[in-house]
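Enquirer: Let me begin by handing over the structure; questions about it come next.
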Amino acid sequence: MDFSLNEEQQLLKDSVDRFIREEYDLDKRRELAGSSDGYSEENWNKMAELGWLGASLPEEYGGFGGGPVETMVVMEAFGRGLVVEPYFATVVLGANFLLQGGSEALKQDLLPKLAEGKVKMAFAYAERQSRYDLHDVEFKAEKSGDSYVLNGEKGVVFHAAAADKIVVSARTGGGSRDAKGITVFLVDGGANGLSRRDYPTVDGLRASELTFDNVQAEAVLGEVDNGLSLIETVVQHGIAAVSAEAVGCMDVLLDTTNEYLKTREQFGQPIGKFQAVQHRMADMFIKCEEARSMCYLATMKLDESEALERAKTTSAAKVQIGESARFVGQQSVQLHGGMGMTDEMNVGHYFKRLTMIDTLFGDHNYHLKRYSDM
Amino acid sequence: MNLEFSGEHLAFQQKVRTFLEENLPSDIQDKMKGGLRLERDDHVRWQNILAKQGWMAPAWPAEYGGCGWSTVERYIFDEECGRAGAPRVIAFGTKMVGPVIYTFGSDEQKAKYLPRILNNEDWWCQGYSEPGSGSDLASLQCKAVRDGDHYIVNGTKTWTTLAQWADMIFCLVRTSNEGKRQEGISFLLIDMDQPGIEVKPIITIDGGHEVNMVHFTDVKVPVADRVGEENKGWTYAKYLLQHERGGTAGISNSKAKVGRLKEIAGGIKAGGETLMDDIDFKRDVAKVEIELQALEYTDLRYLMTAASGAPIGAEVSMLKLRGTEIQQRISELLMQAMGYYANPYMPEAMEYGWNEEPVGFAEAPPLAPAYFNIRKTSIYGGTNEIQKNIIAKMVLGL
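If you're matching them up, the sequences are chains A and B in order.
In this text, residue positions in the first sequence follow my numbering: the first is 1348, and each later residue adds one.
In this text, residue positions in the second sequence follow my numbering: the first is 24, and each later residue adds one.
What follows is the structure, given as structure tokens:
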């Protein structure tokens, strides 16, 4: 049993942490989030050059042979910086779909490009009626010659505008809520018949509503009609990764708020001297510790062979992360008083990101129900 | 990073597991699992078995009779004991006064008392709290006045757990009223079997007799039974409190209780199905199970940090705080599972071997009393509010 990073992982952490500390402050982030692309191509190339995009990919596909722990290290640091570049959509979701479901030729073609920063990806799965159920898919794919033609709508697709390739879940058989009959496709970001309605999200990222009108699929990922297990596996990687991002966000809030309590004076003393405030802060510390523990657990259980055990751990982690994030986010704003309400301070920006992380792949209520049914 | 114990640790785990299977008396195990009342003899019997094996105080340095186990091995031992349903070793001797004696005591004290703890010959209890001194322990008033080679002790200690069974008590007493309150306290080892000591039971809300008030009237204590220096007792007391907090998370025990909760709730009819099919109850169980898992892995993180030699500070306050909240929640759910049958109060049915027709559910009798009893956990060992003060001060620097 070991909760420490090995030497390479520690080097990776030092390098990402330094970048966030020195080159990714809130003003910079604000500027990027407000730019036309919503992120920086220059940063993206830098992430590729420094080896972060390929850190978790196997060496035979142009990566550095790491795994979930490397992803966790990067995501935690990106949480600290509220990074807007599409690392999560591309490297955590996209690359895992290719790795777990792509043909050898597809992997050989796309993964090295992805590691070099030449291919960005997005995952389109949510539909208006599906809420958080991954198996609730109305979006249709029909066989046409050797390929498939896609029709329907997908919602809140993060970083779709930046994506060169989009992974889409579609129904190829069965009823709209059947586990069987779902297939995962790869589509070109500029495919004919694909239209987007782009918008910013409340936490400063970009997303799109996508409409597919007879769009030609480029490839099937995984097995036809058996795509749900592939989706669930990738989503488990996604949940572990956003848990790390949330831990990074919460760490900043804990430090920032704690500092504020030591400097902000009212009634003639720092407000951190008041016991009501101290106890709130102690509760925040505890929530952060619990979130970190569950993040580690979810990350390390990604290699667990027992599927039920893996699924339970993932849901447990998402419940903990959601509850910790909600508490730490809300209380950070509260303890900052009026200043916590301002756009000027960083607190609100972390609060917003944490709030939206809870919605990703199912909120804490959804996963509590899922866990209790398992 | 990885979650697996090494082969060496797995072998150790197997060794402990086999020992427990072969040596834990089945009647004691049954009492523990059913939440029934343990007698003094049950504790003594089990601790004699551990003493014979040399496993009474694993954490002690080897020179004083400890096992020389690593931090991880000690964790595994506690975990396996909880899992098997073995009673916890009464902490006052092995985990509290023992470390104080071998750290601060005289050679005579070490030679006299440590073997008696290891051989399970003395039952110790703790004389800290007083009627007027709870969380504010340094305000204690129980007085020891020097008279030649003796102290004459007068005063009252309270919440003294199992004093009715104890041979010895370690006491914080006031030896000076000069200067800071903390600087006038001494640490005495007192024989319970002597004139002037009176133990009066305090019956708690669950109907049980665990705690007592202990009155001292002109009790003579040899100066040789003072640990360390006069008026330095507060230092030793704080050292001891840290030991106490470390062991109160009770994670393996809570895991066993969650298992029992699911088993019991799965056998209770509700809404035409079982209680474990009830959406709200099921979610409450899931919630506490997740909280327990988060605590377990936090505990393990701290454990591995400690095993690597890095200092672990007041973070253990978090383990006490969350550990006790979770124990309380589980006991509450166990009681709630009984529905109406939480009501009947049948102390006789909490004794082992009672074999009359149960009222309602056979599991029911100890569950409501246990819920009431376990409210104590967030109060003892430094209330949970005090733990938050410690976190705020020591971890967050507020």
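All residues carry an ideal CB built from backbone N, CA and C; glycine is no exception.
Computed from a prediction, not measured in an experiment: that's the story for all the values here.
Can you have a look at Gly282(B) and say buried or exposed, based on whether 16 or more other CB atoms are within 10 angstroms of its CB?
Expert: When all chains shown are included, Gly282(B) counts as exposed.
Enquirer: Does the contact criterion of 3 or more C-beta pairs under 8 Å hold for the region 327-346 of chain B versus the region 1665-1685 of chain A?
Expert: Segments in contact, no.
Enquirer: Can you tell me whether Met191(B) is buried or exposed, with buried defined as 16 or more other CB within 10 angstroms of its CB?
Expert: That one is buried.
Enquirer: Going by DSSP in three states, Phe1532(A) sits in which element: helix, strand or coil?
Expert: Note: Phe1532(A) maps to strand in three-state DSSP.
Enquirer: Cβ of Ile414(B) less than 8 Å from any chain A Cβ?
Expert: Interface residue, yes.
Enquirer: Would you mind giving the Cβ-Cβ distance between Leu1325(A) and Met1628(A), rounded to the nearest angstrom? I have them listed as a contact below 8 Å.
Expert: One cannot answer for residue 1325(A) here, as it falls past the ends of chain A, which runs 1348 to 1721.
Enquirer: When Cβ atoms are compared, which residues of the region 1592-1609 of chain A fall closer than 8 Å to chain B?
Expert: Answer in chain order: Asn1605, Leu1608 and Lys1609.
Enquirer: Taking Cβ positions, are Cys1642(A) and Ile1668(A) nearer each other than 8 Å?
Expert: Contact flag set, yes.
Enquirer: Go ahead and pull the three-state DSSP assignment for Trp257(B).
Expert: Of the three classes helix, strand and coil, the one that applies to Trp257(B) here is helix, per DSSP.
Enquirer: List, in chain order, every chain B residue whose beta-carbon is nearer than 8 Å to that of Phe1632(A).
Expert: Per Cβ cutoff of 8 Å: Met341, Ile414, Val418 and Leu419.
Enquirer: In terms of residues, what are the limits of the beta strand (DSSP E) holding Asp214(B)?
Expert: Where Asp214(B) is concerned, the enclosing beta strand (DSSP E) stretches over Ile208 to Asp214.
Enquirer: Taking C-beta pairs closer than 9 Å, name the residues in chain B that Leu1352(A) reaches, listed in chain order.
Expert: Per Cβ cutoff of 9 Å: Met24.
Enquirer: Quick check: the region 149-163 of chain B against the region 172-188 of chain B, are at least 3 beta-carbon pairs closer than 8 Å?
Expert: Contact holds: three or more Cβ-Cβ distances are below 8 Å.
Enquirer: Could you tell me which residues DSSP pairs with Arg249(B) in its beta bridges?
Expert: Paired residue(s): Leu211(B).
Enquirer: Leaving out five residues before and five after Gly294(B) in sequence, what residues of the same chain have Cβ atoms less than 7 Å from its Cβ?
Expert: Within the same chain, Gly294(B) has close Cβ partners Asp301.
Enquirer: Let's see if you can read the secondary structure: which residues bound the alpha helix (DSSP H) around Glu1406(A)?
Expert: Run containing Glu1406(A): none; DSSP gives neither H nor E here.
Enquirer: Kindly list, in the order they appear in chain A, the residues whose Cβ is closer than 7 Å to that of Glu27(B).
Expert: Near Glu27(B) (Cβ distances below 7 Å), the residues of chain A are Met1348.
Enquirer: Per the contact definition of three or more C-beta pairs closer than 8 Å, is the region 1467-1476 of chain A in contact with the region 1614-1633 of chain A?
Expert: No, they do not touch.
Enquirer: Keeping to the same chain, check which residues put their C-beta closer than 6 Å to that of Met369(B); ignore five residues upstream and five downstream.
Expert: Only Pro388 meet the Cβ criterion.
Enquirer: For Gly1551(A) versus Val1431(A), is the C-beta spacing smaller than 8 Å?
Expert: In contact: Gly1551(A) and Val1431(A) (Cβ atoms closer than 8 Å).
Enquirer: For the region 1639-1668 of chain A, list every residue whose C-beta sits within 7 Å of some C-beta in chain B, in sequence order.
Expert: Within the region 1639-1668 of chain A, the residues whose Cβ lies closer than 7 Å to some Cβ of chain B are Ser1640, Met1641, Tyr1643, Leu1644, Met1647, Ala1663, Val1666 and Gln1667, listed in chain order.
Enquirer: Could you give the DSSP three-state label for Gly1502(A): helix, strand or coil?
Expert: If DSSP states are grouped into helix, strand and coil, Gly1502(A) belongs with the strands.
Enquirer: Reducing DSSP to helix, strand and coil, say where Lys292(B) ends up.
Expert: Strand, per DSSP.
Enquirer: Can you look up Gly1574(A) in the DSSP assignment and give me helix, strand or coil?
Expert: If DSSP states are grouped into helix, strand and coil, Gly1574(A) belongs with the helices.
Enquirer: Counting C-beta neighbours from all protein chains within 10 Å, is the total for Tyr363(B) 16 or more, i.e. buried, or is it exposed?
Expert: Exposed is the call here.
Enquirer: Kindly indicate if chain B contains any beta-carbon less than 8 Å away from that of Gly1709(A).
Expert: No - not a single Cβ of chain B is within 8 Å of the one on Gly1709(A).
Enquirer: Would you check if the distance between the CB atom of Val1466(A) and the CB atom of Asp1511(A) is smaller than 8 Å?
Expert: Contact flag set, yes.
Enquirer: Quick check: the Cα distance between Glu1370(A) and Leu1575(A), rounded to an integer number of angstroms?
Expert: For Glu1370(A) and Leu1575(A), the distance between alpha carbons rounds to 39 Å.
Enquirer: Leaving out five residues on either side along the sequence, give the residues of the same chain with a beta carbon under 8 Å from the beta carbon of Arg204(B).
Expert: Hits under 8 Å: Ala161 and Ser162.
Enquirer: Report back the beta-carbon spacing between Gly1522(A) and Ala1462(A) to the nearest angstrom; my notes put them in contact at under 8 Å.
Expert: About 39 Å separates the two Cβ atoms, so there is no contact after all.
Enquirer: Tell me which residues of the region 139-150 of chain B have at least one Cβ-Cβ distance to chain A shorter than 8 Å, keeping chain order.
Expert: Under the 8 Å Cβ criterion, the region 139-150 of chain B contributes no residue.
Enquirer: Is the Cβ-Cβ distance between Tyr375(B) and Leu59(B) less than 8 Å?
Expert: Taking 8 Å as the Cβ cut-off, Tyr375(B) and Leu59(B) qualify as a contacting pair.
Enquirer: Which chain B residues are close to Leu1715(A), counting only those with a beta carbon under 9 Å from its beta carbon?
Expert: In chain order: Arg306, Ala309, Lys310 and Ile313.
Enquirer: Is there a C-beta anywhere in chain A that falls below 8 Å from the one on Arg324(B)?
Expert: Cβ-Cβ to chain A under 8 Å: yes for Arg324(B).
Enquirer: Given that a residue counts as buried once 16 or more other Cβ atoms are within 10 Å of its Cβ, and exposed if not, what is Asn1353(A)?
Expert: Burial call: exposed.
Enquirer: Hey, out of Val1420(A), Phe1411(A), Gly1464(A) and Leu1404(A), whose CA is closest to Asn1443(A)'s CA?
Expert: Checked all of Val1420(A), Phe1411(A), Gly1464(A) and Leu1404(A); the closest Cα to Asn1443(A) is Leu1404(A).
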